[in-house]
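Using the numbering used here, you'd call the opening residue of the sequence shown number 3 and step up by one each time. For each residue, glycine too, the CB sits at the ideal point set by N, CA and C.
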Amino acid sequence: MKAIRKIGIITGGGDCSGLNAVISGIVKAAVGKYGIEVVGYRRGYFGLYHNDFVTLDLDTVSGIMHEGGTIIKASNKDNLFNYHFKKDDGSYEYRDVSDIAIENMKKENVDALIVVGGDGTLTSARDFHRKGVPVVGVPKTIDNDLPSTDVTFGYNTALETIVESLDKIHTTAHSHDRVIVVEVMGRNTGWLALEGGVSGSADVVLIPEIPYDLEKVVEKVQERDARGRNFSIIVVSEGAKEKDGDVHVRDVVEDSPDSVRLGGVGQKITDQLEEMIENHEVRYTNLSYLQRGGTTSQFDRLLGLRFGVSALDLLMQGGAGKMVRYQGRDITRVSLEEVVGKGQTGETSEGGDKFVDPEGQIVRTAKSLGISFGDE
Ligand code: F6P
């Protein structure tokens, strides 16, 4: 394999806290340990296609490690193997423009890529590797839904935001004897709602893996009333659905690999509960994008730095085509072919989503604590 003298970084998909720690880890090790150059493609694969990049050196990454977001920006729309072009009538046509991206790399003497992203972004990373581009992947999502890694950076910071918000919401719910519904992200999995809700003393947690019955939720509120606890906090995952019901779709983004955007189920539940509960006002808060930003937590800083340095080590040791992941307390490696591109709900050993186990320890713990999942 050709010696690697210059690499490109791509941050794709929705952003999250910890991306800058990854970038910082890669650049510091690239310059200090390997003496190689780094560029960052701006706005994910969009930058690779348009040859839009910035040079990353020790000055550029100084003081960024704790900051949310990504200094090279991100995009969750640009699949270069199926790139969208808007036609005059407003519809889209799709073409494979990956060769243009590879030409851009050659023009700038970029020898290899480190791609940071979720399943969609890493599937393209695998496809570039199949076309001969040396690529190493770094998994990223606030949703904690990637089965190939115990956890990703961004998840812990999002949980901190949820817990801090629930602490604040408790005081106002208590003062006004209100029921407050708090919607959190997570796509088709309930990790953020479950772990955030339990840690933030929610009374009800509604997650996609356990379809709910609102009558059971009302019973929980009434049970609390009977004990003189005249307020309740309901944490609902954006992917939660009623028994025999379906998810609440907020938007369909045509030119995105994962086109369906969830959201709004919290508002729906609030409206329904207003009709069902007489003695409380019901209010709604959606934590939404607050969960994606914020000062990076200690856990996510360290994980981001470790992922960044390990990804570069892997690349420099001839490990292209692999992805770093967190297992136990170690960073290990796995082939991209094995773990990506299985789709949102693929049924494979490591592909598809990583779901909350409705019979698992955390759910059982929560139930022992008296938290309702709206199911019994
Ligand atoms: O996957 C991360 C995530 O924040 C999900 O939790 C959420 O459903 C989605 O991205 C939102 O996407 P967008 O930024 O396109 O609204």
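Reference residue i; option with closest CA among the options
i	options	result
ARG294	SER19, GLN274, LEU275	SER19
PRO141	VAL24, PRO360, HIS282, ASN281	VAL24
ALA31	ILE12, GLY330, ARG308, LYS356	ARG308
ASP80	SER150, ARG285, THR123	THR123
ALA114	HIS176, LYS270, GLY321, LEU196	GLY321
SER150	LYS369, ASP355, THR367, VAL365	ASP355
LEU264	ASN22, THR173, VAL251	VAL251
ARG285	LYS35, PHE233, ASP260	PHE233
GLY202	MET318, ASN288, SER370, SER167	SER167
ARG335	VAL138, ASP215, TYR157	VAL138
TYR43	ILE12, GLU244, ASN146, LYS8	ILE12
LYS1	ALA368, LEU314, TYR328	Past the boundaries of the shown model lies residue 1; the chain is included only from 3 to 378, so the question cannot be answered.
GLU185	GLY266, TYR85, ASN84, LEU82	GLY266
THR1	GLY376, GLN224, GLY14	Here the chain has residues from 3 to 378 only, and residue 1 is not among them.
VAL311	ILE6, GLY16, VAL33	VAL33
LYS108	GLY268, GLU361, LYS4	LYS4
VAL238	LEU216, ARG229, ASP90, GLU225	LEU216
VAL63	LYS89, HIS86, ASN22, ARG97	ASN22
LYS243	HIS178, ARG231, GLU211, LYS218	GLU211
LYS133	ASP152, THR159, GLU105	GLU105
LYS2	GLU378, ALA368, VAL365, GLU277	Lying outside 3 to 378, the shown extent of the chain, residue 2 is not represented and no answer is given.
LYS344	THR57, PRO259, GLU276, LYS8	PRO259
LYS369	ILE38, LYS170, VAL200	VAL200
ASN78	VAL112, SER261, GLY70	SER261
Limits of the beta strand (DSSP E) - the one that residue i falls within
i	result
ARG252	251 to 254
LEU208	206 to 208
PHE55	55 to 58
ASN288	284 to 288
MET278	Taken as a continuous stretch (DSSP letters only), MET278 belongs to no beta strand (DSSP E), being part of the alpha helix (DSSP H) at 267 to 278.
GLU185	181 to 186
MET325	324 to 329
ARG263	262 to 264
GLY198	Run containing GLY198: none in the beta strand (DSSP E); it sits in the alpha helix (DSSP H), 193 to 201.
GLY139	137 to 141
Terminal residues of the alpha helix (DSSP H) in which residue i lies
i	result
ALA114	Here ALA114 belongs to no alpha helix (DSSP H); instead the beta strand (DSSP E) covers 114 to 119.
ASP332	That residue, ASP332, is in no alpha helix (DSSP H); its beta strand (DSSP E) goes 332 to 337.
LYS30	21 to 31
VAL311	300 to 318
LYS218	216 to 228
ASP169	157 to 178
TYR51	47 to 52
Residue i vs residue j beta-carbon contact at 8 Å
i	j	result
TYR51	ILE102	yes
PHE357	THR143	no
ILE209	ALA195	yes
GLY46	PHE55	no
ASP147	ARG189	yes
ASP205	ILE164	no
ILE373	VAL207	yes
PHE83	TYR214	no
ILE66	SER26	yes
VAL223	ILE279	yes
VAL29	GLU110	no
GLY306	PHE155	yes
GLY241	VAL254	no
ARG331	HIS68	no
LEU338	ALA127	yes
Near ligand 1: residue i beta-carbon under 7 Å from a heavy atom
i	result
ASN78	yes
LEU1	Absent from the structure is residue 1, since the part of the chain shown begins at 3 and ends at 378.
GLU197	no
THR163	no
MET187	yes
ILE144	yes
GLY120	yes
TYR70	Reading the sequence as shown, one finds Gly at residue 70 and not Tyr. False, no ligand heavy atom lies under 7 Å from that Cβ.
GLU240	yes
GLY16	yes
ARG229	no
VAL135	no
ARG226	no
ARG294	yes
VAL249	no
VAL284	no
VAL140	no
VAL255	yes
Identity of the residues DSSP links to residue i by a beta bridge
i	result
ILE11	GLY42, ILE116
HIS86	TYR96
VAL237	VAL184, VAL207
SER374	VAL206
GLU244	TYR214
Residue i beta carbon near ligand 3 (any heavy atom closer than 7 Å)
i	result
GLU105	As presented, the structure is devoid of ligand 3, carrying ligand 1 as its sole ligands.
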